[in-house]
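Chemist: Here it is: the structure, laid out below.
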Amino acid sequence: MDSMTFVLFGATGDLAKRKIFSALYNLFLDGKMPNSFSIIGLGRREWSDYTFQIHVEQSIKTFSRRSINNSLKMEKFLDAFRYCSLDVTEYEGYKKLLETIERREEQLGLPENRIFYLSVAPEFVDVITSNIKDSGLSSKKGWKRLIIEKPFGHDLKSALELNEKLSRTFEEEEIYRIDHYLGKPMVQNLEGLEFSNPVLKAFMNNQYIANVQITASETVGVEERSDYYDQAGAIRDMFQNHLLQLLMVTAMHLPNKLSAREVGNEKRRIMEFLRPLGNKGVITDVIRGQYVSGEIDGRPVVGYKEEPGIENSSTNDTFIAARLWIDDALWSGVPFYIRTGKRMKEKLTRVVIEFKNPLKDLNMLQHDVMTPNLLVIQISPNEGVSLQLNMKNPLTNQIEPISTEFSASPKNVPEAYELLLFDALRGDSTFFTHWKEVELSWRWVQPILESFEENSLPLHPYRSGSMGPDASYELLQEDGFNWWDL
Ligand code: NAD
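Per the numbering used here, the very first residue in the sequence shown carries number -15; after that it's consecutive.
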C-alpha cells in the first residue's frame, strides 16, 4: 500500500469522533495502514496538535470495537496526527494547510499521495474542492483521492450540479462516495456468496424466484436531526441511496471478475433496467407513511408531528414502501419490494428472497399450508444467511418448514468504516457508489420526490412499534404475497 497523507475535513465533528478515528486505529493495529502515513485534522477550533491527539485518543477509547491495551501502539499511531485550524470557506487557510502537509511529507519522506476526506456538511463540498484545486493541494506528482459522505445532492438537479463541480477537481476514478451500507460485511459478502455457491447462482432468476423483499427498519424516531430529516424524509435519507444500493447488489448479475469496474457496470445495468415509475407508478407502487404515537420496547413514544422541531402540519415521509420491477431477462416478472422507516418494531436490515411455490402453481391441495423456500440474508444487527426448506414430518405426514442456518459472522467483525477506508487507502472503489448509480437512482426517485412535494400521494399514519402502515401490506397482497416479518 502506498504511503500517503490523509487530510480530514471536519475532524472535530461527530462522524470523525464516532467512526473515522477508530476505523483508522483498527486498521493500524491490523497492519492495514501504509508503512508511513500522515494524518492532518481540520476544524474551525483553535486546537494544538496535542489537544487534537488527546481528542483522537479519547474518541477511540469511547467508540472503538476493541479495548485499548497497547499504549506504545497508541502512541505511535497518535504521532501521525497533526491539527490545522481552518475555515473551509476562506481561501487563505488552504495555503497554511498546504505548508503543513508539505512539511510533514518532507519530515516523513512521503510521496505526494493525498486523500481528502470531507466529513462536513454537504454545502461545503463545493467550496472545499474548488479551494483544494486553486491552492495547489491536489498535487500532480502523486495520486489524489476524495472521500465524501452522503447526501450527494437532494434531487437529480442538485446532484448533477454537484457532480459537475467535483469533476473540475477530481476524476470519477478519484472520487469515493461512501454509502456505509456497502461497507457492511454481509453486503460485501453477497457477491462472494453467489460466486462460491453455484447452487444459489442457478436459482437467482425469474424461473425460481417469486419475489424479493428488502427491509431496513429503525426503532428510533427523528431524534435531534429534525431540521435535516423533515426536509429529507425516508426517501432521501434511506431509499435513494442505501436501499437502492441494496437492490443493485442483490439483483446484479454476477460479473466474470469482481473488479470495481465490472461490479459498477453490473450495478448500473440493474438501474438501467429498473422500470421508471412515471406519475401512475408512484400512485400504484409507492406507499408513504408517517409514524403516530405508540410503544417501542414497552416504552410510550410520541408521534412524528409531536417531535421537537417538527411542525404539526408536516407531511414528511418517515416510512416508504415500493414495488419495483427490473425488466431484464433474469428478473422480468419478479417484484422487488422495498420498505424502510423510523419507529418501527425492530431495528434490522434484511433481504428475503422468496422462491416460487410449485404446489401453488400446480394448484395442489396442500399449497396453502406449505411455506415457500426462503433465502434470508441478515445484514444487521446480526449477520447470517439461512435457507428455509420443506420436509415431510414422518410423525404427522405433513410437509413442514425447516431452516438451515448457513453462517453467522463471528463477534468483533470489522466495522463498515474500517472496510471502506481500507479500500479507499488501497484504491479499490468496488464498494463505493459511482456517479452513474447516483444519477440513475435520483432519476428513478424523482417522480416520487415531486409527488411528495405536491402532496399528491396519501400519507398513511402507522403506529410506532408496528412494521408500517396497512397499505404497505396491501401492496404485496395485490400480488398474492406478504411481507416476511420473521
Ligand atoms: P458535525 O456537524 O458533527 O461535524 C461537522 C464538522 O464540520 C465539524 O468538525 C465542524 O468544525 C466542521 N465545520 C463546519 N463548518 C466549518 C467551516 N466553515 N470551516 C471548517 N470546518 C467547519 O457533522 P457530522 O455528523 O460529523 O457529519 C459530517 C458529514 O458526514 C455530513 O455530511 C453528514 O451528512 C455525514 N454523515 C454523518 C454521519 C454520522 O453518523 N454523524 C453518518 C452518515 C453521514
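Backbone N, C-alpha and C define an ideal beta-carbon position, used for all residues, glycine too.
1. Can the beta-carbon of Phe223 be found less than 7 Å from the beta-carbon of Thr333?
2. So within the region 355 to 408, which uninterrupted beta strand (DSSP E) runs reach at least 3 residues, ignoring any that extend past its ends?
3. Bridge partners for Tyr160 per DSSP, in chain order?
4. CB-CB under 6 Å to Leu314, same chain, minus the five flanking residues each way: which ones, in chain order?
5. Three or more beta-carbon pairs under 8 Å between the region 220 to 234 and the region 397 to 404, yes or no?
6. Measuring CB atoms only, is the region 17 to 34 touching the region -8 to 3, in the sense that at least three cross pairs come out at less than 8 Å?
7. What is the DSSP secondary structure of Gln42, reduced to helix, strand or coil?
8. Quick one: Cα of Met451 to Cα of Asn439, how far?
9. Under a Cβ-count criterion, where at least 16 other Cβ atoms within 10 Å of its own Cβ denotes burial, should Gly93 be classed as buried or exposed?
10. Since Glu437 sits in a beta bridge, which residues does DSSP pair it with?
11. Assign His351 to one of three DSSP states: helix, strand, or coil.
12. I'd like the span of the alpha helix (DSSP H) that includes Pro319, first residue to last.
13. Run through the DSSP bridge pairs and tell me what Ile23 is partnered with.
14. Is it buried or exposed for Leu349, if we count other Cβ within 10 angstroms and need 16 for buried?
15. When you compare the region 114 to 134 with the region 74 to 84, are there three or more beta-carbon pairs, one atom per stretch, that lie closer than 8 Å?
16. What is the DSSP secondary structure of Tyr446, reduced to helix, strand or coil?
17. For Lys1, collect the residues of the same chain with a Cβ closer than 6 Å to its Cβ; drop the 5 residues on either side in sequence, then sort them by chain order.
18. Give the range of the alpha helix (DSSP H) segment to which Ser114 is assigned.
19. Between Leu(-1) and the ligand NAD, is there a pair consisting of the residue's CB and a ligand heavy atom that are separated by less than 6 Å?
20. Of all the options Leu459, Asn147, Leu405, which has the alpha carbon lying nearest to the alpha carbon of Ala306?
21. Using a Cβ-based criterion (distance less than 6 Å to any ligand heavy atom), does Asp214 qualify as near the ligand NAD?
22. The beta strand (DSSP E) with Arg334 in it runs from where to where?
23. Take Asn53 as the anchor and find which of Asp63, Ala64, Glu41 has the nearest alpha-carbon.
24. Could you compute how far the alpha carbon of Glu250 sits from the alpha carbon of Leu238?
25. Might you give, ordered along the chain, the residues of its own chain that have their beta carbon closer than 6 Å to the beta carbon of Lys376, omitting 5 neighbours on each side?
26. How many angstroms separate the CA atom of Asn263 from the CA atom of Thr380?
27. Put Val247 into one of helix, strand or coil per three-state DSSP.
28. Could you tell me which residues DSSP puts in a beta bridge with Met328?
29. Who are Val270's beta bridge partners in DSSP?
30. Taking only beta-carbon atoms, is Leu373 less than 7 Å away from chain B?
31. Phe136 and Arg161: beta carbons closer than 7 Å?
32. If you pair each beta-carbon of the region 411 to 420 with each one of the region 165 to 184, do three or more pairs fall below 8 Å?
33. Would you report the Cα separation of Tyr67 and Trp419, rounded to the nearest angstrom?
34. So, is Met(-15) buried or exposed, given that buried needs 16 or more other C-beta atoms within 10 angstroms?
35. Do you know offhand how far Leu144's Cα is from Trp468's?
Modeler: Reading from the atomic positions:
1. no
2. 358 to 364, 368 to 377, 382 to 392
3. Ile131
4. Asn189
5. no
6. yes
7. helix
8. 23 Å
9. exposed
10. Paired residue(s): none; Glu437 is not in a bridge.
11. Residue confidence for His351 is low, a pLDDT of 49 falling below 50, so the modelled location carries little weight; the figure read from the coordinates is stated next. Helix.
12. Looking at the DSSP string, Pro319 is not in any alpha helix (DSSP H); the run it does join, the beta strand (DSSP E), is 319 to 325.
13. Phe(-10), Phe65
14. Only weak support exists for where Leu349 lies, its pLDDT of 49 falling under 50; the value from the coordinates is given anyway. Exposed is the call here.
15. yes
16. strand
17. Ser43
18. 109 to 118
19. yes
20. Leu459
21. no
22. 332 to 339
23. Glu41
24. 8 Å
25. Ile383
26. 51 Å
27. helix
28. Ser450
29. Ala306
30. The structure shown has no chain B; it contains just one protein chain.
31. yes
32. yes
33. 32 Å
34. exposed
35. 37 Å
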